[in-house]
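Participant: Taken in order, these protein sequences are the chains called A and B. Numbered per the numbering used here, the first sequence finishes at 677, counting up by one with no gaps. Numbered per the numbering used here, the second sequence finishes at 1322, counting up by one with no gaps. Don't be surprised by glycine CBs; every beta carbon is placed ideally from N, CA and C. Keep in mind the model is a prediction, meaning the values are calculated, not measured. Quick one: the structure is below, and I'll ask about it shortly.
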Amino acid sequence: MGNKERKRHVLYDENGNPTKDKPWIFRTYAGHTNVWESNKLYRGNLSRGQTGLSIAFDLPTQCGYSSDHPLARPEIGKVGVPINSLDDFHILFDGIPIEEMNTSMTINATSMWLLALYIALAKERGVEVSKLQGTTQNDIVKEYLARGTYIFPPEPSFRLISEMYEYCIVHLPKWNPSNISSYHLQEAGATPVQELAYSLANAIGLLDLIKERGKVSEEQFEMIVGRISFFVNAGIRFIEEMCKMRAFVELWDEITLKRYNVKNPKYRLFRYGVQVNSLGLTEKQPENNAWRILIEALGVTLSRKARCRALQLPAWNEALSLPRPWDQQWSLRLQQILAYETDLLEYPDIFDGSYVIESKVNELKEEAQKEIQKILDMGGIRVALETGYIKSQLVRSMSERMSKINSGEIIVVGVNKWTDGLPSPLQAGDGGIFKVDPESAKRTLEALEKTKKNRNPKKVREALEYLKECARNGENLMPASIECALARVTTGEWADALREIFGEYRPPTGIEGQRLFLEDAKVTNIRNRVEDFTKQKGHRPRIVVGKPGLDGHSNGAEMIAVAARHCGFDVIYSGIRLTPQEIVHSAIEEHADILGLSIMSGSHLELVEQVMEELKKHHAFSEIPVVVGGIIPQKDFDKLYEMGVKRIFTPSDYHLIEIMEKIMDIIEESQKEKVLI
Amino acid sequence: MPTETKDQILDLVDRTLSGHKFSIAKLISLFENTKPELIEIKNQIIDYLKQKSSHRGFFVGITGTPGVGKSTLTGKLALKVLEVSSESKVAILAIDPSSEISGGALLGDRTRVRLPIYEERIYFRSQANDRELGGLSKHTFSVSRVLFYLFDWIFIETVGIGQSEIEIQHIADTILLVLQPLTGDQIQFMKAGIMEIPNAFVINKWDQEKEAKKTYYTLKSTLSFVRPEMEKLPIFRVSAQKGLGLEEVLEYLIEEKSKKTNFRLEEKEAYYFEKWVRTQYGLKGLEILKNFGGASLFIKETGSFDLALQKFSKIEYVIQYP
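Laid out in structure tokens, this is it:
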């Protein structure tokens, strides 16, 4: 057929006929409240034309606690759906044909458990397990570095991931056991080069390990390489981001070919899904986020060669609270317009032959390769994690970014420039925010109780013993986990059994030795105030920075810790996931001049209340002032002030030194009555 | 002038004696403050503590370079102390380095030592060195004066920057130098300074490293070069993380504690008094002190460490120095 007449701007199929690409998978990251509500939500989304499921789990499920654990209670159903047992999965997927679904689960430390539940569900429904399709995120590296829902130390964590690959390649060939996520690295401050390097080093670490374990044949290994998929972030600098995606594609092809000798080009494809950047979404003038999301979506769809396989877009109001169904629908519509109204899918790659793009891609590749080599020389990804190397690189990048926003070098419209604007009608009515009904947790707890009552305790005991036995003797834990699922073991019980064998982990915080890249009059001024205080009190102002609860988004806390030290404070920051009691205990023993809490999970009311109670117990309530930072809706401010909070910082307080000034005001004020001690 | 009355302060001290943590925290802060107008009240507090308290602390210095696992070891030893003597009260004072630029510090040792929070017999406090050389803070001694009367065991963990970390010898009753498996070269390098002060060595991470044995023998042979009598010093092999070998270290510490006869602070006070005079008034100050017969005598004659500080400040006023 007319090969000689082929036009360079037309896309042809295998037979040489003009064609058009199929759109990517549209996803909405969703799940909240309880299994009944989430089921309703999924069915609604599917009926509106969504083609895959992306399940958000609540923090207790992600951290391996059942809903009735004290740490879990304030978080039930807040940022995702709570899953306690197989009974919950039956309700969650009620009326949804799992054999036809492509189900993506954002779950990590407890991935094996959730996959076991999904397999058990298929078994009880009589669905062929090999038909199951989807992804468990299961990337522990970015949990240690950015997201915080790790449980076990690196060694057993990597073991769990490897075992899932070894199991799936035999039993669930269409399942992606893990998904290397550079997404969260960018949220934690990673530059494009760092995103490339750390996620590829992560993938190398995983594949090297699977190879080293020697449990799969060479042919299976090649297939495993083909199953490695990525979850990438797309930021606002969309040309560079597009180049980053092209660099990813090329680097992955090179690595899989050279390092692993994968012959089948299909298995060397860089397959990736995208959630566009949330870090850059602003609380101020939130309607502008709609444009940001659109532009960011372009970065990962424009270049055919580096186009994403699946896309999920945040909602315009994500910096304010959890999105409502309408907000999610609006984001989905954007994808539909892009894929179906525009001519985007009709062309071959429109950047091929651009020397600008080529040169930029090469630069990113070269720098990323250098960084990858550095990590490999260090001993690989695990060493780079355990020594805190990567974490401190990320905190450094984030400090640089914050410093640049503070100095105006990076412009954020509506935040540090063009800040005056008319109020947005989008926020009228219910204020544009969504809140989980606190009563809904009751239903989850009742269901859990019911499951525990109805199950066979002997079977539960045996299943857990078998699991522990396998954990000790190094056997693959997948079959034992499925046994547990079928026996109605709970999420907390499964995780506790493994905690007993593997122990729990606390990674480096990465803030040691960090500083801001700001040296201006404001900095000098506050340092002088600190010196005055020090002369007066005999010690530098001491701040305890605490992240209570299960939420692991630690950027805010880290930046405050770095900024406080930069201003001359003595800083106590012990990392994430501490109980309110532990944080208050630090503040008491250290005789803190102020206690700063960072809370992003939406559980600020419950957590602050617990902190205040604990302070009262130690007779320190009136002496240690408390400030709170995080995603906190305006309407909760008064309640927090009533509890005794002195000041609330939200994402619109982006200027670190100004935050420190306000903190210093509060310290000075509270010291007025205390002359001696 | 202080607004709190003497009674209020002594109330606070009473609460510290009954183990109230926030009161202990405040008392420590008070002793970190070197303002002259506080000398009087500090003197009264110490007097009061001397009468009321039955505790007299034994000071254990834990030193060694960063990353060798000082914090983990300290935490584990503290818990072990409680295991063998449940009546004991233990304090940990951990010193961290301050930034040369801003003066601020990240007090991170708390992160590495996870202690049961409802354990009332253990108290953990961080201190920034505030750019002070020598491995301790300016206020470490001052604070240790109250800890002495509130606790039976006081572990002081030094900054861990390196060879010049020798200040601890003037406070600690016994010093452990913590090492991790490393090459012989590094031990050679450490010969001076820090290698001369410990009473015992602890090689940590003994379980993991192939280098550990080599380290042990290199250390043994190096010690004889530093000072021949050091060859006899105990070398403990532990894994703090896994809790291995800690019993032996504790046994040693308990024995050292039982050997101690003089549970008083006089000698340490004399050293720190002289140091204070030197910092405040330089060589001229030292000369004046010498004319009074030296620090020990001066403190004895004025009645207490605090009163001596007060009196010496007035001498300075009389001679209008500088």
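Which parts of the stretch 26-88 of chain A are runs of the beta strand (DSSP E), unbroken and 3 residues or longer, counting only runs that do not cross its ends?
Facilitator: 53-56
Participant: Under a CB-based cut-off of 7 Å, is B/PHE1022 close to chain A?
Facilitator: yes
Participant: Quick one: residues in its chain with C-beta nearer than 6 Å to the C-beta of B/LEU1177, no 5 flanking neighbours on either side, listed in chain order?
Facilitator: THR1063, GLY1064, PRO1198 and PHE1201
Participant: In whole angstroms, what separates the C-alpha of B/ARG1110 from that of B/ALA1240?
Facilitator: 16 Å
Participant: To the nearest angstrom, report how far apart A/MET1 and A/ILE169 are at their CA atoms.
Facilitator: Residue placement at A/MET1 cannot be trusted, given a pLDDT of 47 that sits under 50; what the coordinates show is reported in the next sentence. If you take the alpha carbons of A/MET1 and A/ILE169, they lie about 40 Å apart.
Participant: Which parts of the stretch 87-161 of chain A are runs of the beta strand (DSSP E), unbroken and 3 residues or longer, counting only runs that do not cross its ends?
Facilitator: Fully enclosed beta strand (DSSP E) runs of 3 or longer: 102-106 and 133-136.
Participant: Which residues in chain A sit within 8 Å of B/ALA1128, going by Cβ to Cβ distance?
Facilitator: ARG540 and ASP570
Participant: Starting from the Cα of A/SER162, find the closest Cα among A/ALA146, A/LEU257 and A/ILE204 and give me that residue.
Facilitator: A/ILE204
Participant: Using beta carbons (cut-off 7 Å, strictly below), is A/ARG48 in contact with chain B?
Facilitator: no
Participant: Distance, Cα to Cα, B/ILE1175 vs B/LYS1232?
Facilitator: 15 Å
Participant: So, does the CB of B/ASN1043 fall closer than 7 Å to a CB anywhere in chain A?
Facilitator: Residue contact check for B/ASN1043 against chain A: no CB pair falls below 7 Å.
Participant: Where in the stretch 577-627 of chain A do unbroken runs of the alpha helix (DSSP H), each at least 4 residues long, occur, reported from the N-terminal end onward?
Facilitator: Positions of the alpha helix (DSSP H) runs, each at least 4 residues long and wholly inside the stretch 577-627 of chain A, are given as 580-589 and 604-617 in order along the chain.
Participant: Could you round the C-beta distance between A/THR135 and A/ASN176 to whole angstroms and report it? I think they count as a contact, below 8 Å.
Facilitator: 4 Å
Participant: Please state whether the Cβ-Cβ distance between A/MET660 and A/ILE526 is less than 7 Å.
Facilitator: Annotated as proximal: A/MET660 and A/ILE526, with beta-carbon spacing under 7 Å.
Participant: With H, G and I counted as helix, E and B as strand and the rest as coil, what does DSSP make of A/VAL530?
Facilitator: helix
Participant: Please state if the CB of A/ARG271 and the CB of A/ARG333 are separated by a distance shorter than 7 Å.
Facilitator: Not closer than 7 Å, so no.
Participant: What is the residue span of the alpha helix (DSSP H) that A/ASN179 lies within?
Facilitator: Element bounds for A/ASN179: not the alpha helix (DSSP H) but the beta strand (DSSP E), 179-181.
Participant: Tell me which residues share the same chain as B/GLN1169 and place their Cβ nearer than 6 Å to its Cβ, disregarding the 5 neighbours each side in the sequence.
Facilitator: ILE1197
Participant: So, for A/ALA122: in the same chain, excluding its five sequence neighbours on each side, which residues have a beta-carbon less than 7 Å away from its beta-carbon?
Facilitator: Closer than 7 Å at Cβ, skipping near neighbours: ILE98, VAL129 and LEU132.
Participant: Rounded to whole angstroms, what is the Cα-Cα separation between A/GLU500 and A/LEU294?
Facilitator: 46 Å
Participant: Name, in chain order, the residues that DSSP records as bridge partners for B/GLY1157.
Facilitator: Note that residue 1157 of chain B is Glu in the sequence shown here, rather than Gly. Looking at the DSSP assignment, B/GLU1157 forms a beta bridge with B/ILE1062 and B/ALA1094.
Participant: Find out if the Cβ-Cβ distance for the pair B/SER1144, B/ILE1166 is shorter than 7 Å.
Facilitator: Going by C-beta atoms, B/SER1144 is not nearer than 7 Å to B/ILE1166.
Participant: Which of the three DSSP states, helix, strand or coil, is assigned to A/TYR466?
Facilitator: helix
Participant: I want to know whether the stretch 634-644 of chain A touches the stretch 503-519 of chain A - three or more CB-CB distances under 8 Å.
Facilitator: no
Participant: Taking all protein chains shown into account, do 16 or more other C-beta atoms lie within 10 angstroms of the C-beta of A/VAL361, making it buried, or fewer, making it exposed?
Facilitator: Note on A/VAL361: 16 or more other CB atoms within 10 angstroms of its CB, so buried under the neighbour-count rule.
Participant: Would you mind telling me which residues of chain A sit closer than 9 Å to B/THR1034, beta carbon to beta carbon, in chain order?
Facilitator: GLY538
Participant: Looking at the unbroken alpha helix (DSSP H) that takes in A/LEU385, where does it start and where does it end?
Facilitator: 381-386
Participant: Just list the residues that DSSP pairs B/PRO1234 with in beta bridges.
Facilitator: According to DSSP, which records beta bridges pairwise, B/PRO1234 is partnered with nothing at all.
Participant: If we count the other Cβ atoms within 10 Å of its Cβ and call it buried at 16 or more, is A/ARG542 buried or exposed?
Facilitator: Here A/ARG542 is buried. Its C-beta has 16 or more other C-beta atoms within 10 Å.
Participant: Could you give the residue range of the beta strand (DSSP E) that holds A/PHE230?
Facilitator: Secondary structure note for A/PHE230: its beta strand (DSSP E) is the uninterrupted segment 229-234.
Participant: Assuming B/LYS1080 is part of the alpha helix (DSSP H), what are its boundary residues?
Facilitator: B/LYS1080 -> alpha helix (DSSP H) spans 1070-1084.
Participant: Using a 10 Å radius around the Cβ and a threshold of 16 neighbouring Cβ atoms, would you call B/VAL1249 buried or exposed?
Facilitator: buried
Participant: Using a C-beta to C-beta distance shorter than 9 Å, which residues of chain B count as neighbours of A/GLY575?
Facilitator: THR1111
Participant: Less than 7 Å separating the beta-carbons of B/PHE1370 and B/ARG1056?
Facilitator: Within the shown structure, residues of chain B are numbered from 1001 to 1322, placing residue 1370 of chain B beyond reach of any answer.
Participant: Going by other Cβ atoms of all chains shown within 10 Å of its Cβ, with 16 needed for buried, is A/ILE599 buried or exposed?
Facilitator: Under this definition A/ILE599 is a buried residue.
Participant: From A/LYS174, A/GLN369 and A/ILE140, pick the residue whose C-alpha is nearest to that of A/SER181; which is it?
Facilitator: A/ILE140
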